[in-house]
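FYI, my numbering numbers position 114 of the sequence shown as 127, with every residue one higher than the one before it.
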Amino acid sequence: MNIEINKFFLKVITNSLETAQMNFLGEKIDSSFNVYSESGFHSNMPLPRRVAAEVLIRYFKDEEDIVRLFTIMLHNEGARFYNATLHIWGRDEFIRLLKRYKWIFDPYLIRFFLDPFYEHEINFLKEVRVIDLRSNNEIKNIIKGIEKISSKMGIKDLEWRITLRLYDLEPDTGELIRKILGLLLARQNLQDFSGELYVCLKELAINASKANYKILFDRHVTRKQGVTPDKDYIHFLRLFKSEIEHNGNKRLFELAKIKDKYITIIFQSTIDTIGVWVTNSDNISLIEKQQILNKIGKSEVQFYKSTSPFDEEYAEGAGFGLTLILSVLRNYSRDEEPLKVVFYPDFIKIGFILHRSELKKKDEAAGGQEKTE
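Structure below.
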């Protein structure tokens with residue numbers, strides 16, 4: 014429970030909702046919720062809104078529940094909510110407060126995303142903490158440096174982070190990424206997972222660079238033809254696919270270098286977890302955000318269903334390969350939603366965090382199965 018968030022949300026609902034509306038709001042998440050029975054008041058007795066607000070906060074005290082309740086309010090703002098029009102007191106101030114605690118609000122999706130990708134301080138690997146491949150093409154020397162450092166690492170050297178900046182994946186880049194993944198997994202003999210994790214990371218990197226390319230293609234190619242994703246997404250996507258089929262990433266890669274539209278891959282090791290996430294350098298369309306959320310199965314979808322009419326025919330529009338990634342991650346994680354996404358105003362984070370203990374159990378179970386066979 015976050016005391017500051019709960020305290021401010023108490024003010025929000027006290028100043029925004031009547032008692033009956035608070036009861037209605039609670040029922041949206043839990044159909045068994047009843048503000049009267051929870052308060053001990055008889056349903057025929059008038060229940061002060063302050064008391065109703067305290068009951069609601071006491072019942073839904075977790076931070077995630079508070080964010081869900083507030084999101085439902087945002088979806089109904091300015092409309093009739095049970096018995097009166099909903100006007101939200103302290104709306105923007107509460108959004109700013111949530112942001113301080115890593116809850117990022119997307120005003121187009123009207124949803125919050127909790128950013129799990131915290132960049133901890135580095136205690137090791139200071140020499141290679143940032144690798145910028147936009148200007149440094151000496152990948153073989155970088156790989157040799159990582160191999161040298163890796164040979165000296167001990168079990169205590171599990172706290173580190175490497176940031177990789179690049180325009181797109183290239184053949185020699187793949188070798189470097191495999192080495193860094195090996196560094197993540199080597200200290201606890203988890204190297205057997207490197208192949209599948211590389212596949213996951215490769216798909217994420219391809220999606221991120223493709224997202225940058227779409228933005229460049231829109232701004233510098235199709236917009237001159239009067240075609241934009243916002244006005245005609247299907248036509249835009251057809252033109253983009255045609256560009257890739259005929260020219261690959263060649264023309265767009267050159268444009269990315271000119272405009273410096275790069276992606277960032279971050280590898281983070283802690284004693285308990287292995288984290289990998291990718292960011293691009295711009296935002297994406299609302300349709301593509303919806304496609305990604307539908308693919309990764311965000312739990313909020315059950316409360317605020319919003320699907321794209323192009324999901325089936327144009328599944329490659331955004332997040333192509335996410336199904337493959339999820340099939341791998343769900344095999345290694347107990348998290349129902351192992352692939353995380355955060356839509357910032359100016360960029361996107363997408364990636365995963367795996368627990369070393371869960372990987373170790375999986376590895377031991379696989380080893381035991383091999384012996385029995």
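In this text, a Cβ means the ideal position worked out from N, Cα and C, and glycines have one as well.
In three-state DSSP terms, what is serine 282?
Stepping through the sequence shown from its first residue, residue 282 is reached at position 269. Strand.
My assumption, with CB atoms under 8 Å, is that valine 355 sits in contact with isoleucine 18. Please give the rounded CB distance.
Here residue 355 is taken as the residue at index 342 of the sequence shown, counted from 1. Here residue 18 is taken as the residue at index 5 of the sequence shown, counted from 1. Not really, about 18 Å apart at Cβ, beyond 8 Å.
Rounding to the nearest angstrom, what Cα-Cα distance links valine 216 and glycine 334 in this structure?
Residue mapping note: residue 216 aligns to position 203 of the sequence shown, counting from 1. Residue mapping note: residue 334 aligns to position 321 of the sequence shown, counting from 1. Sequence inspection shows glutamate at residue 216; the valine mentioned does not correspond to that position. Each residue's Cα considered, the two are about 6 Å apart.
Please give the ranges of any beta strand (DSSP E) in the stretch 172-241, keeping only runs that are unbroken, at least 3 residues long and fully inside the region.
173-179
Which ranges would you report for the beta strand (DSSP E) in the stretch 40-93 if only whole runs of at least 3 residues count?
none
Contact under 9 Å by Cβ, leucine 30 with leucine 99
Start at 1 with the first residue of the sequence shown, and residue 30 comes out as number 17. Start at 1 with the first residue of the sequence shown, and residue 99 comes out as number 86. Result yes, Cβ atoms of leucine 30 and leucine 99 sit closer than 9 Å.
Here's the rule: buried if 16 or more other CB atoms are within 10 angstroms of the residue's CB, otherwise exposed. What is leucine 197?
The count along the sequence shown starts at 1 and reaches residue 197 at position 184. That one is buried.
Between the alpha carbons of arginine 369 and arginine 178, how many angstroms are there, rounded?
Residue numbering aside, residue 369 sits at position 356 when the sequence shown is read from its first letter. Residue numbering aside, residue 178 sits at position 165 when the sequence shown is read from its first letter. If I take the Cα positions, the gap works out to 26 Å.
Where isoleucine 297 falls: helix, strand or coil (DSSP):
Start at 1 with the first residue of the sequence shown, and residue 297 comes out as number 284. Of the three classes helix, strand and coil, the one that applies to isoleucine 297 here is coil, per DSSP.
contact_flag[the stretch 152-166, the stretch 185-196] where n(CB pairs < 8 Å) is 3 or more
yes
Just how far apart, CA to CA, sit arginine 124 and asparagine 293?
Counted from its first residue, the sequence shown places residue 124 at position 111. Counted from its first residue, the sequence shown places residue 293 at position 280. Rounded to whole angstroms, arginine 124 to asparagine 293 spans 20 Å at the Cα level.
What do you reckon, are the CB atoms on isoleucine 297 and isoleucine 257 nearer than 9 Å?
Against the sequence shown, residue 297 aligns to sequence position 284. Against the sequence shown, residue 257 aligns to sequence position 244. Result no, Cβ atoms of isoleucine 297 and isoleucine 257 do not sit closer than 9 Å.
DSSP-derived helix/strand/coil call for lysine 362:
Taking the sequence shown and counting its residues from 1, one reaches residue 362 at position 349. Reduced to three states, the DSSP call for lysine 362 is strand.
Identify, in the order they occur along the chain, each residue of the same chain with its Cβ nearer than 7 Å to the Cβ of aspartate 376, setting aside the five sequence neighbours on each side.
Reading the sequence shown from its first residue, position 363 is the one you call residue 376. Result list for aspartate 376: Leu203 and Asp205, in chain order.
Are the Cβ atoms of leucine 194 and phenylalanine 230 separated by less than 9 Å?
Within the sequence shown, the letter at position 181 stands for residue 194. Within the sequence shown, the letter at position 217 stands for residue 230. No, the pair does not count as a contact, with Cβ atoms beyond the cut-off.
Opposing strand residues paired with arginine 124 [DSSP bridges]
Taking the first residue of the sequence shown as position 1, residue 124 is located at position 111. Note: arginine 124 sits in a beta bridge opposite Asp119.
For aspartate 394, which residues does DSSP report across the bridge?
Only positions 14 to 386 of the chain appear in the structure, and residue 394 is not among them; the question remains open.
If you run the structure through DSSP and keep just helix, strand and coil, what is leucine 352?
Position 339 of the sequence shown, counted from the first residue, corresponds to residue 352. If DSSP states are grouped into helix, strand and coil, leucine 352 belongs with the strands.
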